[in-house]
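Under UniProt numbering, the letters of the sequence shown match residues 1 to 794, in that order.
Structure, as structure tokens:
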Amino acid sequence: MMSGFEEVVVDLITLAGLAPTAADGALATAAHTVGTVTAAMFQSVDNVLRSSAADAVVVARMAASSKSSRETAELAGTVEDAGQSLKHGASLALQKAGHSLTHLPAPTLAQARPKRLLEEYAPLMGGVVAAAALVTATYYLTRPASVPPQVDLDEQSHTIVEGAELIRVSKLTKEAREGKFMKFLYEDTRTLYDVFRRGVKESNNGPCLGWREGPGKPYQWLHYNEALLRAKNFGAGLVALGLNPGPETFIGIYSQNCPEWILTEQGLYCQSMVIVPLYDTLGPEACNFIINQASINTVVCQDDRKMSQLLQNPPKCLKTLIAIKDISPETAERAKKLGMVIKFFEEIETLGAASELPELPPQPEDLCTICYTSGTTGNPKGVMLSHENIVADVSATLLQLAEHKPHKSDVMLSFLPLAHMLERCCEVAVYIAGGAVGFYSGDIRNLVDDYKALRPTITPSVPRLLNRVYDKVTSSVNGSAIKKLMLKMAAASKKAEIERGVIRRSSIWDKLVFKKVQDGMGGRLRLLVVGSAPLAGNVLTFMRVALGCVIVEGYGQTECGAPATLTIQGDYRPDHVGPPIACNAIKLCDVPDMDYYAAQGQGEVCIKGSNVFKGYFKDPEKTREAVDASGWLHTGDIGQWLPNGTLKIIDRKKHIFKLAQGEYIAPEKIENIYVRSQYVAQVFVHGEGLKASVVGIVVPEVEAIKEWAREQEIPGTLSVLCANPHIKQLIMDDITNLGKAAGLKSFEQVKDIYLHPDLFSVQNGLLTPTLKSKRPQLKKYFTPQIDDMYAKLP
């Protein structure tokens, strides 16, 4: 059923005798298309339609001459007529329309019939009809063809039955369907050492690593041949410095994303050494733990600040610091007093160039990195990943991306921490194709400026960033009904295209509505990879519409490289993370305590494959907890198989979760700190993957609260006191101070609390018989209060 606006458009086209000559269905489609764009046409008829009329005529003539179809020829003729009419009538129509037909209320238009339309809007006929016909015909002539999906979208994964277990695997290769795991995509590329050399060959010495000094500065580029030479020299320099080549030597790196990060990594691989990233959110104690556990005697530091942090309480095993940038005399003197040796990055390169030491290439099974994961109670765990683990994961991802995978002409913006495997795997995928990676300028506040300067074609992202873009766009139209309507119509029109498999940035809506959003990310994006945390379906769909590029969403863990599942090209339905990739299999295991059963298509997500890690460094007990005797990695996430063979993450088994920005939260650790407050009897800390902060439910300590209330002359029962804002602030301040004293990071601190007068108990179903919190039940019980707190947070 057509809207009133669409009916008016049909009337206008019919009155002018310019209706498409195809079947009624084409007329209805044309009416819908024009109905969604006509309002926008009049806003910019001079600078969009009139200026493009001549081009439309050329397109029409070419189409008519190259296609024999009667329908295409007649449609092309309509474009030519419309273009000529528009040239002569657009300006007059614009003047008489008062620059916008959208000032006419929709109900009036919906009630108009042909005769009255002809009488009242005759002066507009030339411009309106020309615009309508031109837009409709140009749409059909220029719309790109949809890309067929690789598999049946209603059956995206293959099922293998092993006894009572149902195991899902990729359908993309015969080997995967037989339960054999992919290890590499290219015969000559089985290690990360091989990856860079393939990039050199594929790029023909094209740009490789880019950087800029700050806002307003252009990107400078290190080309592949020079990057490889510098990496070789750096690796040889470390050996010349006295370090032993081989996978038993661990080197730390404490730096933001920059070319030297990659030169360090590749330099280590030239000598089969292992890279161990350090990063700020681990905290100084965790950094020291990592250096001690891995017996790291050499760390590459980005700048004076990071070097100073390591010098505050340096582990005894740490002997050498390599500075990428200049350091202060005070830092140098301090290091000297501690018996440390400080070298500069260029010194190591020079030393290596003079040494002429041979390379020692790694084997696929060799360890290449130890990635320490944060967010758990206790010390971080070192995830040991081999070259084969990462190459297998990236290779299977490239296979799943099909024609959307990186090419040598691609440019990627690097801003997610290289200490995280999502960013590392994305960069490996670019290097393997000979593409270029440009690093952000170091300040996340200047990220938009970096996007505009680099104009990337590929970027990884996290939900937090996309949520901000979505919020900014939607809030920008709230003050204008016309803008809000325009955005709604534009989104609906482009969503319909996406559902037909058409992805583009060339529609009229892209020019009129979404150009600013696209330009904010450089204007050239063709592939965006989302991971790290769940992304809301409405945000994912909107970003696909607004950016006009392919957006894929994956699921995985550091322990399996990065993605274990990835959405298939052509499937643009949100709220799932796709089928398994070809290097691993996935099964669901029963979780009786939470009422999840594999027979019902729900359970703990378990992963097995060539991308699954070698274990936790020096922690066999935790390795056995994570990987069972059959080699299945138990993720702690609860998944559900959808009817189309894709995976949806629905819950968390372990009491650890990620926030929207990708930070891990261990709620029990926070609760154990907050419960020390004299005003707190019980506390439940809650967070969600789509939110950027945590909130809490607090049961106050009755006597302490009543005593404080008496001193402040605040009367009332406990229920009344729980609703008092002064008491809420008292408890909030106290637990926040306790959190700070215990070293909680800002994102670990609750941003709001709800005071509940009744204790959690076994009787009310909120505690187990051993008096432990029943988290799923607490979440369900307090859902209204949790939703209310999040609604009030910025």
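The beta-carbon is built from N, C-alpha and C at its ideal position, and this holds for glycine as well.
As the structure is a prediction and not an experimental result, all values here were calculated from the model.
In whole angstroms, what separates the C-alpha of residue i from that of residue j?
i	j	result
residue 804	ILE167	For the chain, the structure presents residues 1 to 794; residue 804 sits outside this window and is missing.
HIS99	TYR440	Interpretation of HIS99 is limited by its pLDDT of 40, a score under 50 that renders its predicted location unreliable; the figure taken from the coordinates is listed afterwards. So the alpha carbons of these two residues sit roughly 42 Å apart.
residue 796	ASN446	It is not possible to answer for residue 796, since the shown part of the chain is limited to 1 through 794.
GLN602	LYS494	34 Å
ILE458	LEU738	43 Å
LYS691	ARG464	8 Å
TYR679	LYS779	22 Å
ILE444	GLY662	15 Å
VAL685	LEU721	21 Å
MET789	LEU755	12 Å
ASP510	VAL462	23 Å
THR264	VAL151	40 Å
ARG504	ALA496	12 Å
LEU718	ILE731	14 Å
VAL477	ASP471	10 Å
TYR372	THR565	22 Å
ALA240	GLN640	53 Å
LEU192	ALA742	40 Å
ASP154	GLY687	33 Å
ASP575	HIS404	21 Å
TYR219	TRP211	5 Å
PRO784	GLY696	13 Å
LEU744	HIS655	17 Å
SER475	PRO794	13 Å
GLU285	ILE296	15 Å
PRO207	LEU222	6 Å
LYS217	GLN729	46 Å
GLN43	MET486	Annotation note: pLDDT 41 at GLN43 (below 50); position unreliable, coordinate value reported separately. So the alpha carbons of these two residues sit roughly 11 Å apart.
LYS174	CYS606	22 Å
Throw me the rounded Cβ distance for the residue i and residue j pair, which I believe falls under 8 Å.
i	j	result
ALA660	ASN467	6 Å
VAL195	SER255	Contact flag wrong, Cβ pair sits at about 21 Å.
ILE705	ILE727	6 Å
LYS452	ASP366	That belief does not hold up - the Cβ atoms of LYS452 and ASP366 are roughly 41 Å apart, past 8 Å.
THR567	GLY578	4 Å
SER693	PHE747	7 Å
VAL513	ALA490	4 Å
THR369	ILE275	5 Å
VAL552	VAL529	6 Å
residue 812	GLN293	Nothing about residue 812 can be reported from this structure: the residues present for the chain run from 1 to 794 only.
VAL683	ILE638	Contact doesn't hold; Cβ gap of about 24 Å is too wide.
If the criterion is Cβ atoms closer than 9 Å, does the pair residue i and residue j meet it?
i	j	result
ASP410	GLY435	yes
LEU418	TRP261	yes
THR623	GLY615	yes
residue 798	PRO456	No statement about residue 798 is possible, as the shown extent of the chain runs from 1 to 794 and does not include it.
ILE498	TYR572	yes
LEU422	ALA562	yes
HIS420	SER532	yes
ALA546	VAL517	yes
CYS287	LEU310	yes
VAL699	ALA723	no
PRO144	SER506	yes
PHE344	PHE234	no
GLN266	ALA236	no
ASP449	PRO215	yes
LEU238	THR298	yes
Kindly say whether residue i, judged by its beta-carbon, lies nearer than 9 Å to any beta-carbon of chain D.
i	result
LEU422	The chain labelled as chain D is not found in the depicted structure, where only one protein chain is given.
Comparing the CB of residue i with every heavy atom of the ligand ZN, is any distance shorter than 8 Å?
i	result
ARG710	Absence of the ligand ZN is noted for the structure shown, with no ligands found whatsoever.
query: Using 8 Å as the Cβ pair cut-off and three pairs as the minimum, do the stretch 381 to 390 and the stretch 342 to 353 touch?
result: no
field: Every unbroken alpha helix (DSSP H) within the stretch 614 to 676, with a cutoff of 4 residues, ordered by chain
entry: 620 to 626 and 667 to 674
message: With three or more beta-carbon pairs closer than 8 Å as the criterion, would you say the stretch 297 to 305 touches the stretch 321 to 328?
response: yes
- request: Say whether the stretch 154 to 173 touches the stretch 632 to 652, bearing in mind that this needs 3 or more beta-carbon pairs closer than 8 Å, one atom from each stretch.
  value: yes
message: For the stretch 178 to 198 against the stretch 578 to 597, do three or more pairs of beta-carbon atoms, one drawn from each stretch, fall closer than 8 Å, so that the two count as touching?
response: yes
- request: Indicate whether the contact test is met: 3 or more Cβ pairs, each with one atom in the stretch 392 to 402 and one in the stretch 200 to 211, closer than 8 Å.
  value: no
field: Inter-stretch contact at 8 Å, needing at least 3 Cβ pairs: the stretch 245 to 264 / the stretch 328 to 339
entry: No, the stretch 245 to 264 does not touch the stretch 328 to 339.
- prompt: Can you list, in chain order, the stretches of the beta strand (DSSP E) that have 3 or more residues and sit fully within the stretch 228 to 276?
  reply: If one requires a minimum length of 3 residues, the beta strand (DSSP E) runs lying completely within the stretch 228 to 276 are 250 to 254, in chain order.
query: Could you give the uninterrupted runs of the alpha helix (DSSP H) lying entirely in the stretch 139 to 214, keeping only those of 4 residues or more?
result: 174 to 177 and 192 to 203
message: Give the list of continuous alpha helix (DSSP H) stretches no shorter than 4 residues that lie fully inside the stretch 503 to 557.
response: 515 to 520 and 537 to 547
- prompt: In the stretch 673 to 728, which residue ranges form an unbroken alpha helix (DSSP H) of at least 4 residues, counting only runs that do not cross its ends?
  reply: Taken in chain order, the complete alpha helix (DSSP H) segments of 4 residues or longer contained in the stretch 673 to 728 are 702 to 711 and 718 to 722.
task: Counting only runs of 3+ residues fully inside the stretch 406 to 455, write out the beta strand (DSSP E) ranges in chain order.
output: 411 to 414 and 436 to 439
message: Suppose only complete runs of 3+ residues qualify. What are the beta strand (DSSP E) ranges in the stretch 297 to 333, listed by chain order?
response: 298 to 301 and 320 to 323
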